[in-house]
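Residue numbers (our numbering): 135 to 381.
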Amino acid sequence: MREQVALYAAQFPTPGCCTAEGILCAGGDLLPARLLAAYSRGIFPWYGEDMPLLWWCPDPRCVLPLDAFQLPRRSARALRNHPFELRMDTAFSRVIRACAAPRRDGEGTWILPEMIAAYERLHALGYAHSVEAWRDGELLGGLYGVALGRAFFGESMFHRCPEASRAALAGLVAFLRGRDFLLLDCQQATPHMLAMGARDIPRKEFLALLRQAVPVPDPEPVSQLPWQPWRMPFRYDAALGWLPDER
């Protein structure tokens, strides 16, 4: 796969070729090697039904500095009084499908069936992950994204009750902090993320941070990628933090 990733990475135009909206190019496919190549260069797919596959690298880029994350006071109080059980990678398919479900505001979804299948393949390889908020055995919120090196690229989140998605995000931040991650990419700014410490930065600054967080594959002909995947589920313990889930 390493050779395929390097080949696909070389095929993407430089980010300076983006349109004003942030579209870099169109076409291709959602094979794991192409997706990994895209994320390693700060590029992500985003398109709608009856549209070509579009690849984006917007300027500015929204990121959530891990040391700047903060819950709104009302949210923090609600989560103290009614905490969720947090798990990671125990229900990836359910999370991505919940993120793809129609929104209450009536807007459609960009998470089409082929996108779901593509990220499920990445999850099986250990690169796509879900963080889940549970209560009384029911999945009430969560998020999913892609992890390469010391960068996590957030894709989407959902909630079925108040504060569930914020609980999942708080759990993700704690996980990333504990593993010395450098970058939490939010792609595009939303009021929800800005209220918790996210901010826009110039694309040039984002790409420089990306190069620190995601090592470039070694030019020598080795078979393995430099981004160590993980396929182990985790659970959050209030006293001990994130632990392997051996159930």
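Just so it is clear, CB atoms sit at the ideal spot from N, CA and C, and this is done for glycine as well.
Please read these numbers as outputs of a predicted model, since none were measured by experiment.
Along the beta strand (DSSP E) that carries residue i, what are the first and last residues, could you check?
i: Arg195; result: Arg195 to Val197
Spell out the partners DSSP gives residue i in its beta bridges.
i: Pro378; result: Phe368
i: His263; result: Gly279
i: Ile335; result: Arg195
i: Gly288; result: Gly279
i: His293; result: Gly275
i: Cys152; result: None; Cys152 has no bridge partner.
i: Ile157; result: Trp190
In the structure shown, what three-state DSSP assignment does residue i receive?
i: Glu272; result: strand
i: Pro186; result: coil
i: Pro147; result: coil
i: Leu317; result: strand
i: Leu164; result: coil
i: Met330; result: coil
i: Met135; result: coil
i: Pro363; result: coil
i: Pro179; result: strand
For residue i, I'd like the list of residues in its chain whose CB is within less than 6 angstroms of its CB, leaving aside the five on either flank, ordered along the chain.
i: Cys295; result: Leu274
i: Phe309; result: Trp376
i: His293; result: Gly275 and Ser299
For residue i, count neighbouring Cβ atoms within 10 angstroms of its own Cβ and tell me buried if that reaches 16, exposed if not.
i: Ala372; result: exposed
i: Ser357; result: exposed
i: Ser227; result: exposed
i: His216; result: exposed
Please go through the same chain and pick out, in chain order, the residues whose beta-carbon is closer than 8 angstroms to the beta-carbon of residue i, but skip the five residues on each side of it.
i: Ala140; result: Ala171 and Pro351
Which stretch, first to last residue, makes up the alpha helix (DSSP H) that contains residue i?
i: Gly312; result: Ala298 to Gly312
i: His216; result: From DSSP, His216 is part of no alpha helix (DSSP H); its letter is neither H nor E.
i: Ala373; result: Element bounds for Ala373: n/a, residue is neither H nor E.
i: Ser357; result: Ser357 -> no alpha helix (DSSP H), and no H or E assigned at all.
i: Val348; result: Taken as a continuous stretch (DSSP letters only), Val348 belongs to no alpha helix (DSSP H), as it is neither H nor E.
i: Arg108; result: The chain is shown only over 135 to 381; residue 108 falls outside these bounds and no answer can be derived.
For residue i, which residues from the same chain have a beta carbon less than 7 angstroms from its beta carbon, with the 5 sequence-adjacent residues on both sides left out?
i: Leu341; result: Pro149 and Gly176
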